[in-house]
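*Asks:* Here's a structure for you.
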Amino acid sequence: MEEKKLLKGNEAIAEAAIRGGCRAFFGYPITPQNEIPEYMSFRMPEVGGVFIQSESEVSAINMVYGAAGSGARAMTSSSSPGISLKQEGISYIAGAEVPCVIVNMVRSGPGLGGIQPAQCDYFQSVKGGGHGDYKMLVYGPNSVQECVDIMYNAFDKAFEYRMPVMILGDGMLGQIMEAVTLPPMKDFSNVPNPDWAADGTRYGNDRRVINSLYIQPDELEALNHKLFAKYDVLQEKECMYEEYLCEDAEIVITAYGTVARIAKSAVDMLRESGVKAGLLRPITVFPFPSDRFARLASRSEVKKFVSVELSMGQMVEDVRLAVNGKKPVEFFGRCGGNVMTGEDIVEYIIKGGK
Amino acid sequence: MAKIFEKPKMLTDKPTHYCPGCTHGQAHILTARAIDKLNVKKIIGVAPVGCAVFAYEYFNCDMQEAAHGRAPAVATGIKRVIPDAIVFAYQGDGDLASIGMAEIVHAAARGENITVIFVNNAIYGMTGGQMAPTTMIGQKATTCQSGRSVALNGYPIHVSEMLSQLQGPCYIERVSCHDVKHIRQAQKAVDKAFQNQVEGRGFSMIEILATCPTNWGMNPIESNKYVEEVMCSVYPLGVYKDTTKEEA
Chain A
1 MEEKKLLKGN EAIAEAAIRG GCRAFFGYPI TPQNEIPEYM SFRMPEVGGV FIQSESEVSA
61 INMVYGAAGS GARAMTSSSS PGISLKQEGI SYIAGAEVPC VIVNMVRSGP GLGGIQPAQC
121 DYFQSVKGGG HGDYKMLVYG PNSVQECVDI MYNAFDKAFE YRMPVMILGD GMLGQIMEAV
181 TLPPMKDFSN VPNPDWAADG TRYGNDRRVI NSLYIQPDEL EALNHKLFAK YDVLQEKECM
241 YEEYLCEDAE IVITAYGTVA RIAKSAVDML RESGVKAGLL RPITVFPFPS DRFARLASRS
301 EVKKFVSVEL SMGQMVEDVR LAVNGKKPVE FFGRCGGNVM TGEDIVEYII KGGK
Chain B
1001 MAKIFEKPKM LTDKPTHYCP GCTHGQAHIL TARAIDKLNV KKIIGVAPVG CAVFAYEYFN
1061 CDMQEAAHGR APAVATGIKR VIPDAIVFAY QGDGDLASIG MAEIVHAAAR GENITVIFVN
1121 NAIYGMTGGQ MAPTTMIGQK ATTCQSGRSV ALNGYPIHVS EMLSQLQGPC YIERVSCHDV
1181 KHIRQAQKAV DKAFQNQVEG RGFSMIEILA TCPTNWGMNP IESNKYVEEV MCSVYPLGVY
1241 KDTTKEEA
């Protein structure tokens, strides 16, 4: 049954994960995502699931690998420095084609950085992150409701493609409270374990091995191509974005996550002062909506793109690749845990860029 | 003619890549025989990184290959979601006692109901003979070519002694395979480590002292002698923890 509730982003994600079928959570404390493991610690036992506070992020992601490799809907959550530690495990998970969900409530960096909101983990989320050639399906939701909606279906996507799915939240998303509609509990009690899962039931020639070691170059190259063929399908089928006032826009602002909400108010302000601004908000940051950027770049009325981010400029690189020199691509950002206002964005645009 | 010896069912027909005289083959047999004796429907093994990295090709059940040192965490994840499966991790000394020290200590401290087979040959075999956390004082390795020095490298880690200080583990024993008598004793220990799991008694680990003729620069006979005379004195055999006895 659907329910309307006022929830903090982290709690909402945790509840949506459970309603989406998650029955195993492994995590380690780090700000600003602590409400997720805290919520899971009491909620998992209520639904017959498993919760462990692991000894490290490294261990948590490997517990996910073990549980998910045997067919469970398993997840972990962390924040930037913790995600760095998980990258080894994520690489193995990607290589072994194990489905799972990883939530990253991004804080500022590098190093220990700060605990305030940031988007400086874009690179380590969409470009692979760990060693080797791989990607994840990465969502950058902009509201607590969108976190819920994406998390609710994230396991279905992970299992459909047999790959890790990441929910990339700029720290604010974890901490803000918003009214959300929670979807009904999905029931997987009659769904058989997937045919690839090493669940202990097979022997001899039927046995299943969850593995990312391929010592023969030709076999490994074949795996690399197989994985990238899946990423091509993602590009075709899973790209999500939202457009706001782009129909006649001369200046296309692009932003993802909470920043896109600030950018949207900036677009309204710019429109009021006669500037034809629009917003293109990627909802999936991998796959990146490159085609949409390319089509907008081909329009004669579009004069430039401005990527607005809580970083020193990371997504802007993907925007430039997509626009491919057809139009100027500028960057406006704050970092270190600082957040720009709508007025800051307006001022940047009105002054004509840098 | 009566059949007096049979390969364990829990081993595949794949020829192993282990060097002549290496104890891994024996350790695989001990593990496989112990599992063969259990009357259980679900078995999942976790392979390490190191010489036993291909263990998933040799054990005849569902397997997961873990990252270096992470086998106890992977086994934990599996066991918690499939509690009625018998889950074992098979690890070497570099994997378990160096890079994976956190994972083994915390799996033991949590009393995870898993079985760990710890093969200690006091050296990194797969990478070519580097110093291990269990390399003994004076023992030569490619990264301590004059022998392990306390001043430079500190002391070797005695894993069974250390883990037995924790409250979590049920059963910890160190065994050797340098002769038939000891192999038989080792089999009993490995059997018990799996039976404990069937009975839900919690974490069991068997440390098997092992040879590495290739990287020790010895032949198999010399290697067995080295285990008997040197390793067994540095790493004394025996039961370090057994809560099943306390209960009885």
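In order, the protein sequence lines correspond to chains A and B. 1 is the number of the first residue of the first sequence in the working numbering; add one for each residue after it. 1001 is the number of the first residue of the second sequence in the working numbering; add one for each residue after it. Glycine residues also receive a C-beta, built at the ideal position from the N, C-alpha and C atoms. Values in this document were obtained by computation on a predicted structure and should not be read as measured data.
Can you give me the Cβ contacts of Tyr122(A) inside the same chain, cut-off strictly under 8 Å, excluding the 5 residues immediately before and after it?
*Replies:* Beyond the five residues adjoining it in sequence on each side, Tyr122(A) comes within less than 8 Å, by CB distance, of Leu168, Val285, Glu309, Ser311, Gln314, Met315 in the same chain, given in chain order.
*Asks:* Comparing alpha-carbon positions, which option in Lys264(A), Pro141(A), Glu247(A) lies nearest Arg299(A)?
*Replies:* Glu247(A)
*Asks:* In the DSSP output, which residue or residues are listed as bridge partners for Thr254(A)?
*Replies:* According to DSSP, Thr254(A) bridges with Leu280(A), Ser307(A).
*Asks:* Where Pro37(A) and Ala1073(B) are concerned, what is the direct C-alpha to C-alpha distance, given to the nearest angstrom?
*Replies:* 17 Å
*Asks:* Three or more C-beta pairs under 8 Å: does that hold for the region 61-71 of chain A against the region 1059-1078 of chain B?
*Replies:* yes
*Asks:* Identify whether Cys1051(B) lies in helix, strand or coil by the three-state DSSP scheme.
*Replies:* If DSSP states are grouped into helix, strand and coil, Cys1051(B) belongs with the helices.
*Asks:* Going along chain B, which residues have a C-beta under 9 Å from Val209(A)?
*Replies:* Those within 9 Å of Val209(A) in chain B are Ala1047, Tyr1056, Glu1057, Asp1062, Met1063, Gln1064, Glu1065.
*Asks:* For the candidate residues Arg320(A), Ala322(A), Ile350(A), whose alpha-carbon lies nearest to that of Ala266(A)?
*Replies:* Ile350(A)
*Asks:* Just the chain B side, please: which residues come within less than 9 Å of Asn338(A) by C-beta, in chain order?
*Replies:* What Asn338(A) touches in chain B: nothing, since even the nearest Cβ is about 35 Å away.
*Asks:* Tell me the DSSP secondary structure of Met75(A) in three-state form.
*Replies:* strand
*Asks:* For a quick check, are the C-beta atoms of Ile1086(B) and Ile1035(B) less than 8 Å apart?
*Replies:* yes
*Asks:* Over what stretch of residues does the beta strand (DSSP E) that includes Met105(A) continue unbroken?
*Replies:* Unbroken beta strand (DSSP E) run through Met105(A): 100-106.
*Asks:* Thinking just about the alpha-carbon of each residue, which of Val275(A), Ala198(A), Pro287(A), Val148(A) is nearest to the one in Ala1047(B)?
*Replies:* Ala198(A)
*Asks:* Measuring alpha carbon to alpha carbon, tell me which residue in Glu160(A), Asn142(A), Gly274(A), Val252(A) is nearest Leu234(A).
*Replies:* Glu160(A)
*Asks:* Can a CB atom of chain B be found closer than 8 Å to the CB of Ile102(A)?
*Replies:* no
*Asks:* Can you tell me whether DSSP reads Gly1045(B) as helix, strand or coil?
*Replies:* strand
*Asks:* Please confirm whether Glu1006(B) has its beta-carbon closer than 8 Å to some beta-carbon of chain A.
*Replies:* no
*Asks:* Please say whether Ala322(A) and Ala294(A) have beta carbons closer to each other than 8 Å?
*Replies:* yes
*Asks:* Does Asn1060(B) pass the burial test, meaning 16 or more other C-beta atoms within 10 Å, or should it be called exposed?
*Replies:* buried
*Asks:* Excluding sequence positions up to five away, which residues of its chain have a Cβ less than 8 Å from the Cβ of Lys1201(B)?
*Replies:* The sequence as given places Arg at residue 1201(B); Lys does not occur at that position. Take Arg1201(B), set aside five residues on each side of it, and the residues of its chain with a beta-carbon closer than 8 Å to its own are Asn1113, Cys1170, Tyr1171, Thr1243, Thr1244, in chain order.
*Asks:* Is Val1159(B) helix, strand or coil when you go by DSSP?
*Replies:* helix
*Asks:* Can you list, in chain order, the residues of the region 74-108 of chain A whose Cβ is nearer than 8 Å to any Cβ on chain B?
*Replies:* Ala74, Glu88, Gly89, Tyr92, Ala96
*Asks:* If the cut is a Cβ gap below 7 Å, which residues of chain A does Ala1085(B) touch?
*Replies:* Gly200
*Asks:* On the three-state DSSP scale, how would you describe Asn1153(B)?
*Replies:* helix
*Asks:* Would you tell me roughly how many angstroms separate the C-alpha atoms of Lys1225(B) and His1178(B), rounded to the nearest one?
*Replies:* 7 Å
*Asks:* According to DSSP, which residues form a beta bridge with Glu1246(B)?
*Replies:* In the DSSP output, where bridge partners are listed per residue, Glu1246(B) has none listed.
*Asks:* Do the CB positions of Gly66(A) and Ile1043(B) come within less than 8 Å of each other?
*Replies:* no
*Asks:* Counting along the chain, where does the beta strand (DSSP E) carrying Tyr139(A) start and finish?
*Replies:* 137-139
*Asks:* Looking only at C-alpha atoms, which of Thr1211(B), Ala1189(B), Tyr1235(B), Met1010(B) sits nearest to Asp1062(B)?
*Replies:* Met1010(B)
*Asks:* Can you tell me whether Glu3(A) is buried or exposed, with buried defined as 16 or more other CB within 10 angstroms of its CB?
*Replies:* exposed
*Asks:* Taking 7 Å as the cut-off, is the C-beta of Pro289(A) nearer than that to any heavy atom in the ligand NAD?
*Replies:* Absence of the ligand NAD is noted for the structure shown, with no ligands found whatsoever.
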